[in-house]
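**Student:**
Protein chains: 2
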Amino acid sequence: MGGDETATSKAPRTERGKRTLRKLLDAAAAEFGERGYHEASISGITQRAGAALGTFYTYFDSKEQVFRALVDDMGHLTRQHIAERVPGNVDRLTAERLGLEAFIEFVREHKDLYRIVMEAQFVAEDAYLNYYKVFAAAYTRNLAQAAEKGEIRPGHEEERAWALIGMSVFLGMRYAVWSSDKPAKEVAAAAAELITFGLSPLARGGGGN
Amino acid sequence: MGGDETATSKAPRTERGKRTLRKLLDAAAAEFGERGYHEASISGITQRAGAALGTFYTYFDSKEQVFRALVDDMGHLTRQHIAERVPGNVDRLTAERLGLEAFIEFVREHKDLYRIVMEAQFVAEDAYLNYYKVFAAAYTRNLAQAAEKGEIRPGHEEERAWALIGMSVFLGMRYAVWSSDKPAKEVAAAAAELITFGLSPLARGGGGN
DNA sequence: CTGTAACTTGAATATTGACTCAGGTTTCGA
DNA sequence: TCGAAACCTGAGTCAATATTCAAGTTACAG
Chain A
1 MGGDETATSK APRTERGKRT LRKLLDAAAA EFGERGYHEA SISGITQRAG
51 AALGTFYTYF DSKEQVFRAL VDDMGHLTRQ HIAERVPGNV DRLTAERLGL
101 EAFIEFVREH KDLYRIVMEA QFVAEDAYLN YYKVFAAAYT RNLAQAAEKG
151 EIRPGHEEER AWALIGMSVF LGMRYAVWSS DKPAKEVAAA AAELITFGLS
201 PLARGGGGN
Chain B
1 MGGDETATSK APRTERGKRT LRKLLDAAAA EFGERGYHEA SISGITQRAG
51 AALGTFYTYF DSKEQVFRAL VDDMGHLTRQ HIAERVPGNV DRLTAERLGL
101 EAFIEFVREH KDLYRIVMEA QFVAEDAYLN YYKVFAAAYT RNLAQAAEKG
151 EIRPGHEEER AWALIGMSVF LGMRYAVWSS DKPAKEVAAA AAELITFGLS
201 PLARGGGGN
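This is the structure in structure tokens:
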């Protein structure tokens, strides 16, 4: 559970090596993102990176291993990006809105990597599971804390966490991966309103009957 | 948009042929469901079906074609199952709860096929897109109608539709595909409560401040 | 019964692409 | 400057498997 690099005896030892590794990682992200895991080829990756085929195996043990590395990377990047955009001291409902907004923007800027995360479900299921379990656990905790403070109604934290993650993921897929037609702010606002008040006509100053 | 079989000159013409086709479809669902598209092999399918390798190509043009056939099939089955469990005359919020409940149950009974739908995103993106677009369109329409009747607050129907689908999908994944620990009813109830009232502590008779 | 269309069979073909390896080239500390 | 460690190269190996096909077998209309 630490933060090791995926342990290999393959870490680069010189500047040149570091540069090459980085080129390969970027190339792999592009190749996997564009063509999907199985269509992607190692030779495609090395061509993009401007390296020879064999060089790949200087830094990675297998095709699957790079893929996993990219999934883990994406987890860190996502959490980091969201954390940066969501101040620690706002209430939960505001945090939800800002978080979703940040998430959609992030996906838009990293479509390739995001596609990789989604495909991980079928290529490296445990990495995928882990990716979302970490999110779900954090989410569940945040909801429970917010409930204690009276910022939200308590109960069903786990189910809510998964439901909210599902919302984010699908809104991300629809409004970031497939099309960026609507501003992230707008989509996030609509979702936040749903999350906050639900669909009930009685909510808010809601009228009669 | 009709209900054609996936047009082939390959439809069976005798009873024996029909039986074989069915065996192959069932075997394909199992093989793809268990091993995923790329790990699955035609010979695996024909072995499960108790048929010779070449027989497969009597009924299908390619591996991808069976896969697509299964995705389409799943769309029909899902909609049908949900429609059966959700009476036409209940209000929207009740329909949401019953629909989600039916969906989770359905996924539990068809894990294989459901996995196939999810994987379609990477194998047959257009089939996948179509699967969800049909859902989203129907959903958007239902929400708009409910809004007109005053059953829910109006606005943002499309975003809401995708958000709600995302909820269902992730709850299905977590509580049906990955584990069936909690009863579908319970999960559906928790989600329905979220959808209806949101997280706001002010909703319902909800207390002060 | 009989002929033929429908169906079945599984060995053979063809392609693809992950991974290896033996032989260079570059880097960098001493 | 020198040499060993690090790094790079890309042709070749090898296994996997989607798809084809020519030779049977079965169903069934007439």
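Top line first, the protein sequences correspond to chains A and B. UniProt numbering numbers the first residue of the first sequence as 1 and each following residue consecutively. UniProt numbering numbers the first residue of the second sequence as 1 and each following residue consecutively. Just so it is clear, CB atoms sit at the ideal spot from N, CA and C, and this is done for glycine as well.
1. For a minimum of 4 consecutive residues, which ranges assigned as the alpha helix (DSSP H) are wholly contained in the region 62-122 of chain B?
2. Report the neighbours of F197(B) on chain A: residues whose CB is nearer than 8 Å to its CB, in chain order.
3. Taking C-alpha atoms, which residue in F122(A), T78(A), A189(A) and I45(A) lies nearest to F62(A)?
4. Can you grab the Cα-Cα spacing for the pair M173(A) / R48(A), in whole Å?
5. DSSP on D181(A), reduced to helix/strand/coil?
6. Are the region 112-127 of chain B and the region 70-83 of chain B in contact at 8 Å, needing three or more beta carbon pairs?
7. Short check: CB of A146(B) to CB of A191(A), under 8 Å?
8. Exposed or buried, G3(B), counting other C-beta atoms within 10 Å across all chains shown (16 or more means buried)?
9. Where S41(B) and A102(A) are concerned, what is the direct C-alpha to C-alpha distance, given to the nearest angstrom?
10. Is the beta carbon of R115(A) closer than 8 Å to that of V177(A)?
11. Residues of chain B with CB under 7 Å from R174(A), in chain order?
12. So what's E39(A) in DSSP terms, helix, strand or just coil?
13. For R97(B) versus A189(B), is the C-beta spacing smaller than 8 Å?
14. With a threshold of 8 Å between beta carbons, is I165(B) in contact with chain A?
15. For the region 105-124 of chain B, which residues have a beta carbon sitting closer than 9 Å to at least one beta carbon of chain A?
16. Examine chain B for any beta-carbon lying closer than 8 Å to the beta-carbon of G150(A), and answer yes or no.
17. Is G206(B) close to chain A? Criterion is C-beta to C-beta, closer than 8 Å.
18. L143(A) lies in the alpha helix (DSSP H); which residues open and close that run?
19. Helix or strand or just coil, what does DSSP make of A28(B)?
20. Can you find the residues in the same chain that come closer than 7 Å, C-beta to C-beta, to K94(A), ignoring five residues on each side of it along the sequence?
21. What is the DSSP secondary structure of E157(B), reduced to helix, strand or coil?
22. Any residues in the region 19-37 of chain B with a beta carbon nearer than 9 Å to a beta carbon of chain A? Which ones, in chain order?
23. Quick check: the Cα distance between T6(B) and E105(A), rounded to an integer number of angstroms?
24. Output the distance between the C-alpha atoms of K10(B) and F56(B), rounded to the nearest integer angstrom.
25. Closer than 8 Å by beta-carbon distance: list the chain A residues that pair up with A95(B), in chain order.
26. Would you verify that the beta carbon of P159(A) is, or is not, closer than 8 Å to some beta carbon of chain B?
27. Could you confirm whether any beta carbon from chain A is found closer than 8 Å to the beta carbon of V169(B)?
28. Give the residues of chain B in contact with V187(A), contact being defined as C-beta atoms less than 8 Å apart.
29. Given that a residue counts as buried once 16 or more other Cβ atoms are within 10 Å of its Cβ, and exposed if not, what is P183(A)?
30. Once the 5 residues before and after S180(B) are set aside, which same chain residues still bring their CB inside 7 Å of it?
31. For V187(B), is the classification buried or exposed, using 16 other Cβ atoms within 10 angstroms of its Cβ as the cut-off for buried?
**Tutor:** Taking the geometry as given:
1. Taken in chain order, the unbroken stretches of alpha helix (DSSP H) that lie wholly in the region 62-122 of chain B and span 4 residues or more are 63-85 and 92-109.
2. Contacts between F197(B) and chain A, judged by CB atoms closer than 8 Å, involve R153, F197, G198, S200 and A203 in chain order.
3. According to the sequence provided, residue 62(A) is Ser. The question's Phe does not apply to it. Of F122(A), T78(A), A189(A) and I45(A), the residue nearest in Cα terms is I45(A).
4. A direct Cα-to-Cα measurement between M173(A) and R48(A) gives close to 26 Å.
5. coil
6. Because the criterion of three Cβ pairs below 8 Å is met, the region 112-127 of chain B and the region 70-83 of chain B touch.
7. no
8. With a pLDDT of only 39 at G3(B), under the threshold of 50, the placement of this residue in the model should not be trusted; the figure read from the coordinates follows. Answer is exposed; the Cβ neighbour count stays below 16.
9. 41 Å
10. Cβ atoms of V177(A) and R115(A): closer than 8 Å.
11. W162
12. When DSSP states are grouped into helix, strand and coil, E39(A) belongs to the helix group.
13. yes
14. yes
15. R115, M118, E119, Q121, F122 and V123
16. yes
17. Caution is warranted here: a pLDDT of 40 is assigned to G206(B), below 50, making its placement in the model unreliable, and no coordinate value can be reported.
18. E125 to E148
19. helix
20. Reading the sequence as shown, one finds Thr at residue 94(A) and not Lys. Cβ neighbours of T94(A) beyond the five flanking positions: none.
21. helix
22. G36 and Y37
23. Legend: pLDDT at T6(B) = 44, less than 50; position of this residue unreliable, value from coordinates given subsequently. So the alpha carbons of these two residues sit roughly 39 Å apart.
24. 11 Å
25. What A95(B) touches in chain A: nothing, since even the nearest Cβ is about 11 Å away.
26. First, the amino acid is wrong: residue 159(A) is Glu here, not Pro. E159(A) counts as touching chain B.
27. yes
28. Neighbours of V187(A) across chain B, judged by C-beta separation under 8 Å: E159.
29. exposed
30. Within its own chain, the residues whose Cβ lies closer than 7 Å to the Cβ of S180(B), once the five positions on either side in sequence are excluded, are R108, listed in chain order.
31. buried
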